[in-house]
Amino acid sequence: MGNSVPPKELGAAVEVQMIEVPAPQNRVKVVDKQTVKGTVPLPEAELVVSAGRGMKGPENWGIIEELADTLGATTACSRPVADTGWRPHHEHVGQTGVAIRPNLYIAIGISGAIQHLAGVNNSKVMVVINKDPEAPFFKAADYGVCADLFDVVPRLTESLKKFKAQSN
Ligand SMILES: Cc1cc2nc3c(=O)[nH]c(=O)nc-3n(C[C@H](O)[C@H](O)[C@H](O)COP(=O)(O)OP(=O)(O)OC[C@H]3O[C@@H](n4cnc5c(N)ncnc54)[C@H](O)[C@@H]3O)c2cc1C
11 MGNSVPPKEL GAAVEVQMIE VPAPQNRVKV VDKQTVKGTV PLPEAELVVS AGRGMKGPEN
71 WGIIEELADT LGATTACSRP VADTGWRPHH EHVGQTGVAI RPNLYIAIGI SGAIQHLAGV
131 NNSKVMVVIN KDPEAPFFKA ADYGVCADLF DVVPRLTESL KKFKAQSN
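Sequence positions in the sequence shown follow my numbering and run 11 to 178.
Below, the structure is given as structure tokens:
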């Protein structure tokens, strides 16, 4: 057979030598393990609901999760939100986070800094909810809602639930 060497009969006992090879020290230390459960992982998600510092605190994330559940979307966040521990790091999108290209990206209470946009501006349709009309995200958005998120998001979720119930 090409590229092979056939075994050779020596006709005598062969001495077996045991060699101790010390295993190299692992230079990587596992400090934490987080398993992503449930939804489609961010890089493959077609629908993403993302929120930023405008949420004021992690205790308010229920309205984001409810909207995402209603749409069947994956949740994401801006970097400071992950850095302060409001959300897990695997949700952070942008230049230093996950780069995504969903069909729909809904950005809630996110200013639209260039480093954030770098990871999301390949989304097909971007919808932005922000109470500041000067927020840079409005320049990149396909649709913008200039309003208080705590008012708009629950109403949007309720409307979607009604729409889904009527279509079933
Ligand atoms: C080297 C480098 C890399 C970076 N990489 C990333 C990255 O990968 N991803 C990333 O996201 N950032 C990154 N950043 C940080 C980035 O520059 C911004 O600071 C960050 O994106 C801002 O996050 P934010 O929009 O959540 O918060 P903010 O800038 O504080 O914006 C909060 C927004 O919420 C709005 N808001 C507040 N209250 C309400 C309300 N009640 N209703 C509606 N809207 C409201 C405000 O008008 C504001 O626009 C990076 C920065 C650096 C220097």
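Even glycine gets a Cβ: it sits at the ideal position worked out from N, Cα and C.
The structure displayed is predicted, hence computed values, not measured ones.
Query                                                                                                                        : Result
Distance, residue 92 Cα to residue 85 Cα                                                                                     : 12 Å
Residue 91 beta carbon near ligand 1 (any heavy atom closer than 7 Å)                                                        : yes
Close-in-space but distant-in-sequence residues of the same chain around residue 115 (CB under 6 Å, 5 per side omitted)      : 58, 130, 133, 136
beta-carbon residue 145 near ligand 2 non-hydrogen atom, thresh 7 Å                                                          : Of the ligands one can find in the structure shown, namely ligand 1, none is ligand 2.
Length of the line joining the Cα atoms of residue 96 and residue 175                                                        : 32 Å
Rounded straight-line distance, which links the Cα of residue 155 to that of residue 111                                     : 21 Å
Residue 85 Cβ short of 7 Å to ligand 1 heavy atom set                                                                        : no
For residue 162, the first and last residue of its enclosing beta strand (DSSP E)                                            : Here residue 162 belongs to no beta strand (DSSP E); instead the alpha helix (DSSP H) covers 159-177.
Residue 98 beta carbon less than 8 Å from that of residue 44                                                                 : yes
Whole-angstrom C-beta distance between residue 127 and residue 150, which should lie under 8 Å                               : 6 Å
Inter-residue spacing [alpha-carbon to alpha-carbon] between residue 52 and residue 60                                       : 11 Å
Counted within 10 angstroms of its Cβ, other Cβ atoms place residue 55 as buried (16 or more) or exposed                     : buried
CA-to-CA distance, residue 32 to residue 6, given in whole angstroms                                                         : What is shown of the chain runs 11 to 178, which leaves residue 6 out entirely.
Residues of its chain near residue 158, where Cβ-Cβ distance is below 8 Å and the 5 sequence neighbours each way are ignored : 141
Assigned secondary structure, residue 84 (DSSP; H/G/I helix, E/B strand, else coil)                                          : strand
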